[in-house]
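Peer 1: Okay, here's the structure, questions in a sec.
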Amino acid sequence: MDCYTANWNPLGEAAFYRKSELYSMDWNLTEELRDCLMAAAPYGGPIALLRNPWRKEKSPSGRPVLETYSASGVALASMVWKSGQVAQLGWTASEELLCVQEDGSVLVYDLFCDFKRHLSLGNEVLQNRVLEARVFHSEFGSGIAVLTGAHRFTLTANVDHLTLRRMPDVPGLQQSPTCWTVLSQDRLTLILLAMGTDLFLLDNTVCSPVTPAGLAPGAGSVLQMAVSFNYRYLALFTDSGLIWMGTASLKEKLCEFNCSIRAPPKQMSWCCRPRSQQRAVVLAWERRLMVVGDAPESIQFVLDEDSYLVPELDGVRILARTHHEFLQEVPGASEEIFKIASMAPGALLLEAQREYEKESQKADEYLREIREQDLLADAVEQCIQAAACEQEPAIQKSLLRAASFGKCFIDKFPPEGFVRTCRDLRVLNAVRDYQIGIPLSYAQYKQLTIEVLLDRLVLRRLYPLAIRICEYLRLPESQGASRVLAHWACYKVQQKDKSDEEVARAINQKLGDTPGISYSEIAARACHCGRSELAIKLLEYEPRSGEQVPLLLSMKRSKLALSKALESGDSDLVFTVVLHLKNELNRGDFFMTLRSQPAALSLYRQFCKHQELETLRDLYNQDDNHQELGDFHVRDSYSGSDKRIEGRVAALQAAADEFSKARNEFAAKATEEQMKLLRLQRRLEEEVGERFLDLSLHDTVSALILAGSHKRADHLARDFRIPDKRFWWLKLTALAQREDWEELEKFSKSKKSPIGYLPFVEICMKHHNKFEAKKFALRVSPEQKVKAAILIGDLEQAAEVALEHRNEAELSLVLSRCDPTLAERIQRARAQAQKK
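Last residue of the sequence shown: 938 in the working numbering, with the numbers rising by one and none dropped.
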């Protein structure tokens with residue numbers, strides 16, 4: 103234990119800090135870090151170096167070189183920088199490299215120096231140039247803040263959704279501030295700047311002077327400032343060597359420390375462990391590193407070479423030419439277990455397990471001491487927590503063995519935490535490997551999440567490791583292996599050294615029908631890379647036509663898209679392709695294409711019936727479909743824009759001609775009759791003064807009778823050869839509706855009724871005229887006498903007729919309508935008739 107705590111450094115009595123080596127760097131730097139522009143991403147992210155950034159020589163050898171490395175110094179990519187002067191480098195949260203140029207343009211690259219996109223910070227920045235820039239991370243995403251040559255600030259809170267915001271002017275600012283930083287408070291992005299002894303806070307609208315709580319008036323000018331990783335705390339360094347630490351709002355002071363060094367540090371960064379009460383700031387000068395907090399003393403380290411500080415969630419990474427170290431507060435569980443003479447339950451359990459391995463009786467003594475205090479569960483948990491916080495696998499194993507040993511003596515100890523920690527550590531140890539170079543701590547890993555870690559492995563093209571982690575953690579395929587394989591396939595299509603057939607076959611053999619794989623997304627990437635034939639081959643493996651069709655359309659493969667849409671049976675998808683074809687092809691080619699696909703043609707016709715009638719007529723004309731053309735002209739006669747009778751008759755004439763060509767004599771004759779009726783209806787409107795147009799033939803006859811034009815109605819019936827039975831029904835109904843009973847009686851006597859006289863009785867009773875009904879009841883045929891008598895309510899007469907006819911069915915019908923007294927009389931009459 104003494105050896106393990108040798109690199110622990112106390113900061114006061116409350117906390118220890120340790121600086122442990124992560125990697126021995128092997129990137130063969132010949133320049134000092136101060137001679138390069140440098141950016142390192144948090145969460146163990148990659149490193150970007152721009153060598154020779156200030157050289158002005160025109161020769162190729164004198165051009166700056168942009169290089170990217172893993173955190174372990176393994177080279178990822180390099181490129182000669184051929185663009186403008188770079189003011190700042192920075193990494194986004196998704197590990198894209200931002201190169202902010204002095205002209206206000208931002209070039210975005212991936213880990214392998216492949217160009218992604220270009221951003222502009224606006225004309226004002228372009229005109230005034232960039233003096234200084236900061237790349238920062240907040241809840242809105244990754245942003246950029248710049249100070250221009252006009253001494254004004256412009257920022258965007260999220261480079262993925264670029265919205266530029268010019269900050270308010272600072273009164274009297276005629277030169278660059280001595281220092282400035284970006285703050286994030288209450289969902290606002292702010293800028294804090296120092297002008298000598300004065301501090302100003304810029305928000306969306308105003309520039310406000312601020313004064314840190316508890317800062318002595320004679321503290322001097324602020325030369326350096328640093329905000330914590332979570333934006334909660336702020337540190338200020340003054341030219342008198344005073345370090346003020348407080349909340350980022352400047353309303354509360356945590357502590358002050360006088361380091362007695364007046365030269366400003368090259369870098370200053372917070373070093374805070376989550377959920378710890380200890381707050382510390384790390385300051386780096388040329389050859390000195392200092393850790394200060396609320397203790398009267400500080401921790402100092404000698405730096406053998408130029409170093410670069412990278413703030414992290416739970417500490418500070420220190421990058422140098424030859425090594426990469428991590429400075430952090432010793433985690434609470436580790437401190438409890440490993441500090442000298444510790445009697446913490448975790449420390450006793452660790453000793454018990456070690457003695458047990460030696461087969462020593464002391465193991466039982468340590469274990470009994472823990473159990474007597476009823477702290478065995480706490481001891482196991484303490485060992486598990488300490489193992490999670492350690493970087494060295496040997497120490498992790500020792501602590502986990504102790505935890506495993508201790509939980510054997512606990513009834514029903516929940517194993518989930520132990521198993522989860524073992525799994526997490528195995529993943530962390532895999533990604534911390536020198537060749538991988540992602541030195542995540544356990545706290546960083548939990549904050550980052552396994553999904554983001556997998557994304558970062560995919561970005562580094564470490565597909566086998568990502569898949570093994572997915573399988574080891576038993577992640578759902580859609581979240582794990584399938585997603586990784588999809589990214590692998592998207593990378594595979596960019597390899598142009600193999601044929602389209604080979605690449606498509608290799609991808610299909612690897613992916614097969616894996617759930618969650620979208621071949622259309624892979625095909626889209628192939629199309630983006632200019633490999634359209636490969637994209638088409640990949641789409642053959644895509645089972646969802648709805649995913650195939652949009653990409654085929656974007657690739658100008660409309661006919662193939664139409665075939666796929668038809669195979670899907672999705673009419674909406676077919677409509678989408680057809681309308682795309684209509685806009686893409688000339689009219690003739692469009693119709694020819696549809697004619698080769700009957701199903702698509704049929705759907706398009708349905709569409710045209712509701713939306714494009716003229717196009718529908720052209721389709722029928724091209725196909726010589728006279729029957730449909732006739733139907734079209736008939737519909738046009740009634741729903742077209744030409745409401746004049748001449749235009750409508752002309753449309754019907756065209757329909758009759760088309761029906762004749764189609765050899766549909768019935769339709770042609772019916773259309774001619776309709777033209778004749780329309781002309782007649784217009785003449786009747788002029789003569790009678792009533793509305794007749796667009797009435798049917800029957801309704802026209804009825805309307806004439808209701809208007810009292812009986813002769814015109816008779817003439818119309820003769821002209822259109824309305825059958826007598828139908829005409830009598832029409833006239834009977836119309837006269838009764840008009841209540842012209844005299845004309846009705848006259849009409850009934852005009853000749854023998856072809857429909858009989860029972861309808862006269864019915865229509866009279868319908869209009870509540872019993873008097874007239876009785877007249878016609880006398881004229882009905884014998885077989886209808888009973889029904890007529892029932893209709894007029896003469897049940898006795900009905901019974902007599904039924905008895906006379908000896909018709910049991912009629913008699914039963916009468917009995918069903920009688921009251922009991924009349925029914926009894928009828929029954930007696932029936933009995934007497936039966937005796938006879």
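Glycine is no exception: its CB is placed at the ideal position from the N, C-alpha and C atoms. This one's a predicted model, so the numbers in the text were calculated from it and none came from an experiment.
Please report the distance separating the alpha-carbon of T523 from that of E474.
Peer 2: Residue mapping note: residue 523 aligns to position 421 of the sequence shown, counting from 1. Residue mapping note: residue 474 aligns to position 372 of the sequence shown, counting from 1. Taking the straight line joining both Cα atoms gives about 27 Å.
Peer 1: So, is Y547 buried or exposed, given that buried needs 16 or more other C-beta atoms within 10 angstroms?
Peer 2: Taking the first residue of the sequence shown as position 1, residue 547 is located at position 445. Burial call: buried.
Peer 1: On the criterion of 16 or more Cβ atoms from any shown chain inside 10 Å, does R136 qualify as buried, or is it exposed?
Peer 2: As a position in the sequence shown, residue 136 is number 34, starting the count at 1. Exposed: under 16 other Cβ atoms inside 10 Å.
Peer 1: Which runs of the beta strand (DSSP E) spanning at least 3 residues fall entirely within the segment 383-420, listed in chain order?
Peer 2: Complete beta strand (DSSP E) runs here, min 3: 383-386, 390-394, 401-404 and 409-414.
Peer 1: Using the Cβ count rule (16 or more neighbours within 10 Å means buried), how would you classify G395?
Peer 2: By 1-based counting over the sequence shown, the position of residue 395 is 293. Buried, by the Cβ-count rule.
Peer 1: Let me know the secondary structure DSSP gives M181 once reduced to three states.
Peer 2: Counting from 1 along the sequence shown, the entry for residue 181 is found at position 79. Reduced to three states, the DSSP call for M181 is strand.
Peer 1: Count Cβ pairs between the segment 164-183 and the segment 229-241 that sit closer than 8 Å; are there 3 or more?
Peer 2: No, they do not touch.
Peer 1: Using beta-carbon positions only, say whether H426 and A173 come within less than 8 Å of one another.
Peer 2: Residue 426 sits at position 324 when you count from the first residue of the sequence shown. Residue 173 sits at position 71 when you count from the first residue of the sequence shown. Yes. Within cutoff.
Peer 1: Take L575 as the anchor and find which of Y211, R820, D513 and L556 has the nearest alpha-carbon.
Peer 2: Indexing the sequence shown from 1 puts residue 575 at position 473. When each option's Cα is compared against that of L575, the closest is L556.
Peer 1: Quick one: any contact between the segment 483-492 and the segment 424-440, if contact means 3 or more CB pairs under 8 Å?
Peer 2: Taking 8 Å as the limit for Cβ pairs, the verdict is that the segment 424-440 does touch the segment 483-492.
Peer 1: Apply the 10 Å Cβ neighbour rule to P367 and answer buried if 16 or more other Cβ atoms are within range, or exposed otherwise.
Peer 2: Taking the first residue of the sequence shown as 1, we reach residue 367 at position 265. Buried.
Peer 1: Measuring alpha carbon to alpha carbon, tell me which residue in I552, F507 and I439 is nearest V529.
Peer 2: Against the sequence shown, residue 529 aligns to sequence position 427. Checking every option, the nearest Cα to that of V529 belongs to I552.
Peer 1: Considering only C-alpha positions, which residue in the set G192, N154, G175 and E198 is nearest to K184?
Peer 2: Start at 1 with the first residue of the sequence shown, and residue 184 comes out as number 82. Cα-wise, what sits closest to K184 is N154.
Peer 1: My output table needs one value for Y145: the three-state DSSP class, helix, strand or coil.
Peer 2: The residue given as residue 145 occupies position 43 in the sequence shown. Reduced to three states, the DSSP call for Y145 is coil.
Peer 1: How is the beta strand (DSSP E) around A328 delimited, first residue to last?
Peer 2: By one-based count along the sequence shown, residue 328 stands at place 226. A328 -> beta strand (DSSP E) spans V324 to V329.
Peer 1: Go ahead and label K160 buried or exposed: buried means 16 or more other beta carbons lie within 10 angstroms of its beta carbon, across all protein chains shown.
Peer 2: Mapped onto the sequence shown, residue 160 falls at position 58. Here the model assigns K160 a pLDDT of 44, short of 50, so the residue's position is not dependable, and the following value carries that caveat. Per the 10 Å Cβ criterion, exposed.
Peer 1: Select from W346, F118 and M269 the residue whose C-alpha is nearest the C-alpha of V308.
Peer 2: As a working note, residue 308 is residue 206 in the sequence shown. Taking only the C-alpha atoms, the option nearest V308 is M269.
Peer 1: Which residues in the same chain as F507 place their Cβ atom closer than 6 Å to its Cβ, once the five residues preceding and following it in sequence are excluded?
Peer 2: Taking the first residue of the sequence shown as 1, we reach residue 507 at position 405. These residues qualify, in order along the chain: Q455.
Peer 1: Tell me the residue span of the beta strand (DSSP E) that contains Q287.
Peer 2: The sequence position of residue 287 within the sequence shown is 185, counting from 1. C281 to Q287 is the extent of the beta strand (DSSP E) around Q287.
Peer 1: How close, in whole Å, do the beta carbons of Y119 and V393 come, if the pair is a contact with beta carbons under 8 Å?
Peer 2: On the sequence shown, position 17 is the one that residue 119 refers to. On the sequence shown, position 291 is the one that residue 393 refers to. Rounded, the Cβ-Cβ distance is 6 Å, consistent with contact.
Peer 1: Return helix, strand or coil for A831, following the three-state DSSP convention.
Peer 2: What you label residue 831 is simply residue 729 of the sequence shown in a count that begins at 1. Correcting the residue identity first, residue 831 is Trp in this sequence and not Ala. Here W831 sits in helix by DSSP.
Peer 1: Are the Cβ atoms of P314 and L344 separated by less than 8 Å?
Peer 2: Stepping through the sequence shown from its first residue, residue 314 is reached at position 212. Stepping through the sequence shown from its first residue, residue 344 is reached at position 242. The answer is no: Cβ separation not under 8 Å.
Peer 1: Residue range of the alpha helix (DSSP H) that M777 falls in?
Peer 2: Working through the sequence shown from its first residue, we reach residue 777 at position 675. Per DSSP, M777 belongs to the alpha helix (DSSP H) from E767 to V790.
Peer 1: Could you name each continuous beta strand (DSSP E) segment of 3 residues or more that falls completely within the segment 333-382, going from the start of the chain to the end?
Peer 2: Taking only runs of at least 3 residues, the beta strand (DSSP E) segments lying wholly in the segment 333-382 are 335-340, 344-349, 355-360 and 369-372.
Peer 1: So within the segment 449-478, which uninterrupted alpha helix (DSSP H) runs reach at least 4 residues, ignoring any that extend past its ends?
Peer 2: Segments of the alpha helix (DSSP H) lying fully in the segment 449-478: 464-474.
Peer 1: Strictly by DSSP, which residues pair up with K121?
Peer 2: Position 19 of the sequence shown holds residue 121. DSSP, once it has assigned bridges, lists L429 as partnering K121.
Peer 1: Just list the beta strand (DSSP E) runs in the segment 837-868, keeping only unbroken ones of 3 residues or longer that don't cross its boundaries, in chain order.
Peer 2: DSSP runs (the beta strand (DSSP E)) wholly in the segment 837-868: none.
Peer 1: Give the list of continuous alpha helix (DSSP H) stretches no shorter than 4 residues that lie fully inside the segment 211-253.
Peer 2: Taking only runs of at least 4 residues, the alpha helix (DSSP H) segments lying wholly in the segment 211-253 are 225-230.
Peer 1: Given D416, which residues of its chain have a CB within under 7 Å of its CB, disregarding the five upstream and five downstream residues?
Peer 2: In the sequence shown, residue 416 corresponds to position 314, counting from 1. Taken in chain order, the residues that qualify are R375, P376, Q430, S543, A545 and Q546.
Peer 1: Decide if M445 is buried, meaning its Cβ has at least 16 other Cβ atoms within 10 Å, or exposed.
Peer 2: As a first step, residue 445 is located in the sequence shown; it is residue number 343 there, counting from the start. Classification for M445: exposed.
Peer 1: Can you tell me the Cα-Cα spacing of F339 and V182, whole angstroms?
Peer 2: In the sequence shown, the residue the question calls residue 339 occupies position 237. In the sequence shown, the residue the question calls residue 182 occupies position 80. Whole-angstrom Cα-Cα distance: 38 Å.
Peer 1: Would you say L285 and L294 are within 8 Å of each other, going by their C-beta atoms?
Peer 2: What you label residue 285 is simply residue 183 of the sequence shown in a count that begins at 1. What you label residue 294 is simply residue 192 of the sequence shown in a count that begins at 1. Against a cut-off of 8 Å, the Cβ pair of L294 and L285 comes out as a contact.
Peer 1: Can the beta-carbon of G206 be found closer than 8 Å to that of Y125?
Peer 2: Indexing the sequence shown from 1 puts residue 206 at position 104. Indexing the sequence shown from 1 puts residue 125 at position 23. In this structure, Y125 does not lie closer than 8 Å to G206 by Cβ.
Peer 1: So for T132, helix, strand or coil by DSSP?
Peer 2: As a first step, residue 132 is located in the sequence shown; it is residue number 30 there, counting from the start. The answer is coil: DSSP assigns T132 none of H, G, I, E or B.
Peer 1: Given G114, which residues of its chain have a CB within under 6 Å of its CB, disregarding the five upstream and five downstream residues?
Peer 2: Reading the sequence shown from its first residue, position 12 is the one you call residue 114. Hits under 6 Å: A397.
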